[in-house]
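A.B. asks:
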Amino acid sequence: MNDARQTLFRLALTYLYYGASICGMLPVRFQGARFEWCEFRLLWSISAGLCSIAAIGYTSYRIVTLLSYPMMDIVRHLLYCEFLIRFGVILMGYLSTWFYHRHLIVFGNVVLEVLNELKAFNIPTWIDRKLAAYGLFKLVFVDILMCVLFAVNFHFNVENDPVPWFERAMNVYVVFLAAQVSNACLFSLYMAAHLYRSINWQVRVTIGELCALDYVKNESLKQNVFKAAVANLSVLSRQHFRVTEFVQGICYIFGVPLALINLNQFLLIISRAAKTMIRLNEFFAIDVDHAVAEKIKCFSSELSINKLDVSLYGLYSMDFTFLFSALSTMANYLIIAVQFQIAEYG
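Every number in our numbering is 271 more than the matching position in the sequence shown, counting from 1.
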């Protein structure tokens, strides 16, 4: 990764860390390359959260009661739903961080430990440039642009707009807070996707080295490669399950906010988690010794047998499948209802 990309990545991480800390969404401290419990951060999080929840509830009520537009009933109902969903995302985001802040410390340190162990494999940093670009695009364009749009939204309805400046500012703050909850979940899941891809890359390299031994006659060299493959696969197997436990924990902690903001990013994680089994199955055409074969079979059996699914209140299931459930049906009904309402007023 070149210097410009490293600088951009560090700026994005700094924004995420301090943005979440200032608004109270991160009640832990990062010090000495580890996450630690911090009483001051927790007290600040509770104070900022209670003040924010009270102010958001008040301003949402004021905006809904003062606005005279839109006139169509279904659009006004959608506006009410939007306020309720955003309030629910922020409320559950704060409650999740308060009740499970010690779990966040554990999961954060798990990711750091996995990253440190994977450094020994010299995995290239360019393998996830596209994923980093997605994250930065969401961070810069979506978050900032949404805040700007909400800030200028009332300007276009200035003649019919009785909402005071405080309510306007709080409306922008609500968008910023909801973005912090979304960013915390997205960053965790993007990091999991990156770790899965790194593991898959090293599994492919290891299997490729074993495939290259078909034309090697030196038995001593083969045994050395087999021993290295057993050691590498042992590490990769352990880290794969630690990453899965991390994803399960994040979905458990932020389950309700995730369900509310409808994270489609599960598709990315599912596809990468499933590739591990595909990479391992390539060994069947390779002539390897008993120890390597047993290790690969053990790894594959654990992937097949162990409970690796991550369920998000029935909406999603990360057992290498994706269930759309009622989501697409609800979207279709909503589109039909809007069309009927427009036709009625047209």
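Don't be surprised by glycine CBs; every beta carbon is placed ideally from N, CA and C.
Strictly by DSSP, which residues pair up with glutamate 307?
C.D. replies: Looking at the DSSP assignment, glutamate 307 forms a beta bridge with Arg300.
A.B. asks: Nearest-angstrom Cα distance between arginine 281 and tyrosine 486?
C.D. replies: Answer to the nearest angstrom: the Cα atoms are 45 Å apart.
A.B. asks: Would valine 452 pass as a contact of cysteine 418 if the rule is Cβ separation under 7 Å?
C.D. replies: No, they are not a contact pair.
A.B. asks: Buried or exposed: glycine 303, going by 16 or more other Cβ atoms within 10 Å of its Cβ?
C.D. replies: Result: exposed.
A.B. asks: Does DSSP classify leucine 290 as helix, strand or coil?
C.D. replies: At residue 290 the sequence reads glycine, which differs from the leucine that was named. Reduced to three states, the DSSP call for glycine 290 is helix.
A.B. asks: Within its chain, find whatever has a CB closer than 6 Å to the CB of valine 527; leave out the 5 residues flanking it on each side and keep chain order.
C.D. replies: For valine 527, where only same-chain residues beyond five positions count, the Cβ hits under 6 Å are Met363.
A.B. asks: Regarding threonine 330 and the ligand ATP, is the C-beta to nearest heavy atom distance less than 6 Å?
C.D. replies: As presented, the structure is devoid of all ligands, the ligand ATP included, so that no description of it is given.
A.B. asks: Tell me, to the nearest whole angstrom, how far the beta carbon of serine 508 is from that of glutamate 573; I am working on the premise that it is less than 8 Å.
C.D. replies: Contact holds; Cβ gap of about 7 Å.
A.B. asks: Taking all protein chains shown into account, decide if serine 596 is buried (16 or more other Cβ within 10 angstroms of its Cβ) or exposed.
C.D. replies: With a pLDDT of only 38 at serine 596, under 50, the local geometry of the prediction cannot be trusted, and the value read off the model is given with reservation. When all chains shown are included, serine 596 counts as exposed.
A.B. asks: In chain order, what residues of the same chain have a beta carbon less than 8 Å from the beta carbon of alanine 474, not counting five sequence neighbours either side?
C.D. replies: The question names alanine, yet the displayed sequence has valine at residue 474. Leu504, Leu507, Thr547, Arg550, Leu551.
A.B. asks: Looking at the secondary structure, which residues open and close the alpha helix (DSSP H) in which glycine 479 lies?
C.D. replies: Segment 436-482, the alpha helix (DSSP H) holding glycine 479.
A.B. asks: Comparing alpha-carbon positions, which option in Asn471, Tyr286, Leu531, Arg373 lies nearest proline 395?
C.D. replies: Comparing Cα positions, the closest option is Asn471.
A.B. asks: Anyone know if the C-beta pair for isoleucine 327 and valine 445 falls short of 7 Å?
C.D. replies: The answer is yes: Cβ separation under 7 Å.
A.B. asks: Which first and last residues belong to the alpha helix (DSSP H) in which phenylalanine 497 is found?
C.D. replies: Per DSSP, phenylalanine 497 belongs to the alpha helix (DSSP H) from 490-524.
A.B. asks: Let me know if leucine 594 comes out buried or exposed under the rule of 16 or more other beta-carbons within 10 Å of its beta-carbon.
C.D. replies: Bear in mind that the predicted position of leucine 594 carries a pLDDT of just 34, short of 50, making it unreliable; the figure below should be weighed with that in mind. So leucine 594 counts as exposed.
A.B. asks: Beta-carbon separation of leucine 375 and valine 299 under 7 Å?
C.D. replies: Cβ atoms of leucine 375 and valine 299: closer than 7 Å.
A.B. asks: To the nearest angstrom, how far is it from the Cα of leucine 420 to the Cα of alanine 319?
C.D. replies: The alpha-carbon atoms of leucine 420 and alanine 319 are separated by roughly 25 Å.
A.B. asks: How would you write the range of the alpha helix (DSSP H) that isoleucine 376 sits in, first residue to last?
C.D. replies: Note, isoleucine 376: alpha helix (DSSP H), 372-389.
A.B. asks: Closest by CA to methionine 441, which one among Lys568, Phe358, Ile317?
C.D. replies: Among Lys568, Phe358, Ile317, the Cα nearest to that of methionine 441 is on Phe358.
A.B. asks: Compare the Cα-Cα distances from proline 435 to each of Asn380, Leu337, Ala449, Met462 and report the closest residue.
C.D. replies: Ranking the options by Cα distance to proline 435, first place goes to Leu337.
A.B. asks: Using 10 angstroms around the beta-carbon of threonine 278, count the other beta-carbons present and answer buried if the total reaches 16, otherwise exposed.
C.D. replies: Burial call: exposed.
A.B. asks: So, with DSSP's three-state summary, where would you put leucine 598?
C.D. replies: Bear in mind that a pLDDT of 41 at leucine 598, under 50, signals an unreliable position, so the number given afterwards is only what the model happens to contain. Residue state, collapsed to three classes: helix.
A.B. asks: Who are the near neighbours of histidine 372 in its chain, counting only those whose CB is closer than 7 Å to its CB and skipping five residues on each side?
C.D. replies: Counting only Cβ-Cβ distances below 7 Å, and skipping sequence neighbours, we find Pro298, Val299, Leu313.
A.B. asks: Tell me the rounded alpha-carbon separation between alanine 450 and leucine 466.
C.D. replies: Cα to Cα, the separation comes out at about 24 Å.
A.B. asks: Our contact map puts phenylalanine 447 next to leucine 287 with C-beta atoms below 8 Å; I'd like the distance itself, whole angstroms only.
C.D. replies: Wrong, their Cβ atoms sit about 13 Å apart, outside the cutoff.
A.B. asks: Could you check if threonine 285 is buried or exposed, using at least 16 other CB atoms within 10 Å of its CB as the buried criterion?
C.D. replies: The residue is exposed, with fewer than 16 neighbouring Cβ atoms inside 10 Å.
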